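> This structure is in structure tokens; I'll ask about it shortly.
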Amino acid sequence: MRFETKIAVLLRDDLAGWQRLNATAFLASGVAAQWPQLVGEPYADADGTSYLGMLGQPVLILEGDAELLRAAHERALRRELTVGVFTADLFRTGNDDDNRAAVAAVARDQLDLVGLAVHGPKNAVDKVLKGARMHP
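Now the structure itself:
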């Protein structure tokens with residue numbers, strides 16, 4: 007199946023495993039919240055047990071160094087794509103209010119980005135993420 011859009015998460019390449027997973031989960035949830043139409047119907051097994059619906063298209067997970075994250079962030083904003091950000095400070099907070107406060111306390115160009123999510127037309131997302139490599 008071909009999709010007109012692309013969902014991608016870009017992670018900084020020096021994160022611990024648990025940090026990669028945590029940031030990816032939070033960033034993917036932001037995409038689902040911003041574009042609920044991307045979430046499919048609930049699942050059910052053969053016994054009729056219901057399960058949550060999920061994003062209906064693949065989420066590409068990529069990685070790169072801190073400079074690549076800064077460049078991708080800038081390119082995404084320049085292209086007027088909606089971006090989800092995850093900063094290093096968020097590993098030290100414990101709730102959504104503190105997460106938002108941690109991001110709000112830092113100027114855009116000073117954010118210590120460890121991850122970002124972007125959804126948009128394939129070509130635009132590809133250009134934003136130029137230089138990133140697939141997460142191993």
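Okay, so the sequence shown: first residue is 7 according to the numbering used here, each after it adds one. Don't be surprised by glycine CBs; every beta carbon is placed ideally from N, CA and C. As the structure is a computational prediction, the values presented were derived from the model and not from experiment.
1) Counting only runs that start and end within the region 40-87, where is the alpha helix (DSSP H) found for 4 or more residues in a row?
2) For Lys133, report the span of its alpha helix (DSSP H) as first-last.
3) Can you tell me which of the three DSSP states Arg26 falls into?
4) Beta-carbon within less than 6 Å of Ala94's beta-carbon, same chain only, minus the 5 sequence neighbours each way: which residues are those?
5) Give the secondary structure of Arg18 by DSSP, where H, G and I count as helix, E and B as strand, and everything else as coil.
6) Determine the DSSP secondary structure at Val112, reduced to helix, strand or coil.
7) Who are the Cβ neighbours of Leu135 in its own chain at under 7 Å, not counting the five residues just before and after it?
8) Report the three-state DSSP secondary structure of Phe97 (helix, strand or coil).
9) When you compare only the Cα positions, how much space is there between Arg84 and Gly54?
10) For the putative contact between Gly62 and Leu33, defined by C-beta atoms under 8 Å, what is the C-beta separation to the nearest angstrom?
11) Would you mind stating whether Gly70 and Arg139 have Cβ atoms separated by less than 8 Å?
12) Once you ignore the five residues that flank Lys128 on each side, which residues in its own chain have a CB closer than 6 Å to its CB?
13) Are Leu75 and Leu122 touching if we call contact CB-CB under 8 Å?
Taking the structure as given:
1) 72-84
2) For the purposes of this step, residue 133 is identified with residue 127 of the sequence shown, where counting begins at 1. Element bounds for Lys133: 128-134.
3) On the sequence shown, residue 26 is found 20 positions in, with the first residue counted as 1. Looking at Arg26 - three-state DSSP - the assignment turns out to be helix.
4) Taking the sequence shown and counting its residues from 1, one reaches residue 94 at position 88. Asp118, Val120.
5) Here residue 18 refers to the residue found at position 12 when the sequence shown is read from its first residue. Three-state result, Arg18: strand.
6) The sequence position of residue 112 within the sequence shown is 106, counting from 1. Correct three-state label for Val112: coil.
7) As a working note, residue 135 is residue 129 in the sequence shown. Once the five neighbours on either side are set aside, the close Cβ partners of Leu135 are Ala14, Leu16, Leu68, Ala78.
8) Along the sequence shown, read from residue 1 onward, the residue named residue 97 stands at position 91. Residue state, collapsed to three classes: helix.
9) Against the sequence shown, residue 84 aligns to sequence position 78. Against the sequence shown, residue 54 aligns to sequence position 48. Distance between the alpha carbons of Arg84 and Gly54 is about 47 Å.
10) As a working note, residue 62 is residue 56 in the sequence shown. As a working note, residue 33 is residue 27 in the sequence shown. At roughly 17 Å, the Cβ-Cβ gap does not stay under 8 Å, so Gly62 and Leu33 are not in contact.
11) Mapped onto the sequence shown, residue 70 falls at position 64. Mapped onto the sequence shown, residue 139 falls at position 133. In contact: Gly70 and Arg139 (Cβ atoms closer than 8 Å).
12) Looking up residue 128 in the sequence shown gives position 122. If we look at Lys128 and ignore the five residues flanking it on each side, its Cβ neighbours are Lys12.
13) The residue you call residue 75 lines up with position 69 of the sequence shown. The residue you call residue 122 lines up with position 116 of the sequence shown. Yes.
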